[in-house]
Structure formats: structure tokens, C-alpha cells
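Numbering (this note's numbering), first residue to last: 2 to 132.
Glycine is no exception: its CB is placed at the ideal position from the N, C-alpha and C atoms.
The structure presented is a predicted model; accordingly, all values stated were derived computationally and were not measured.
Structure, as C-alpha cells:
Written out as C-alpha cells, the structure is:
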């Protein structure tokens, strides 16, 4: 394993996850910089472990990352009388995990572009476009 590449993976996971978390925190959501950074970082670490320790079938651990993120995301969704809250944050966890996985397989450009698209989507006005 190349330690310079691993350092870049760590740095990008912290930056990209932190940016998404910053947007959620700025919007007054419960999950913020720390949570999104940990999701991205953890997903990246599990992917690096999977690729290096189990090169014959690295997809097993990656699949379980998404299952785990599904449980975390489900815990953030709150149903109220006529509304559902936390759905965007849950989807953000899923996207942050995907960024971590991309970084774990050294798709740096792809992860950066995807993070930019995620940020653009999160910056859209918080209202329904169609009724």
C-alpha cells in the first residue's frame, strides 16, 4: 500500500465529507460536519481494507457499507403528521458513503465531481418543484 495515496484518500474524505456536513449544519440539520466526515471517512477506510485484504472479492464489504448506512439513514427519518423530515439527510449519508467508497478505490476525480454535484443539489431551494 502506498502511504502517499492513503494520505490523499484520508484528506479528501475529510474535505469532501466535511463540505457536505457543513452544508447540512448551515441549514440547521441535526447531522453536520462531524457526522458526514465520519461517514465518508469510515466508508473510505472500509473500502481500502476490503480492496487490500480481500482482493478476490472486495465487493462484499462495500455492500455491507451500504447496508450499515441504510440503518443510520433510517434513524434520521422522522414521520410527522403531514410531513417527513430527515429524508435529505439520510440520502446525504448514502451519497457521502458513495464518495468514501469512490475514494477508497482511488477514483479521486470522480469523487470530487460527484461531491460538487451533491453540493449543488443540496444548495437548491428547499421546496417541492412539483405538486
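With 16 other Cβ atoms within 10 Å as the buried cut-off, status of residue i
{"i": "residue 55", "result": "exposed"}
{"i": "residue 1", "result": "With the chain covering only 2 through 132, there is no way to say anything about residue 1."}
{"i": "residue 121", "result": "exposed"}
{"i": "residue 91", "result": "buried"}
{"i": "residue 117", "result": "exposed"}
{"i": "residue 66", "result": "buried"}
Distance CB(residue i)-CB(residue j) smaller than 9 Å
{"i": "residue 104", "j": "residue 32", "result": "no"}
{"i": "residue 101", "j": "residue 20", "result": "no"}
{"i": "residue 107", "j": "residue 10", "result": "yes"}
{"i": "residue 40", "j": "residue 76", "result": "no"}
{"i": "residue 70", "j": "residue 44", "result": "yes"}
{"i": "residue 6", "j": "residue 22", "result": "no"}
{"i": "residue 99", "j": "residue 115", "result": "yes"}
Identity of the residues DSSP links to residue i by a beta bridge
{"i": "residue 79", "result": "86"}
Residue i to residue j span [Cα, whole Å]
{"i": "residue 24", "j": "residue 94", "result": "13 Å"}
{"i": "residue 49", "j": "residue 83", "result": "42 Å"}
{"i": "residue 126", "j": "residue 28", "result": "11 Å"}
{"i": "residue 79", "j": "residue 26", "result": "18 Å"}
{"i": "residue 85", "j": "residue 3", "result": "45 Å"}
{"i": "residue 8", "j": "residue 109", "result": "12 Å"}
{"i": "residue 81", "j": "residue 57", "result": "46 Å"}
{"i": "residue 124", "j": "residue 52", "result": "34 Å"}
{"i": "residue 62", "j": "residue 47", "result": "7 Å"}
{"i": "residue 97", "j": "residue 30", "result": "16 Å"}
{"i": "residue 88", "j": "residue 68", "result": "16 Å"}
{"i": "residue 64", "j": "residue 36", "result": "20 Å"}
Original post:
What are the uninterrupted segments assigned as alpha helix (DSSP H) that are 4 or more residues long and contained completely in the region 8-90, given in chain order?
Top reply: Runs of the alpha helix (DSSP H) spanning 4 or more residues and lying entirely within the region 8-90 occur at 34-54, 60-77, in chain order.
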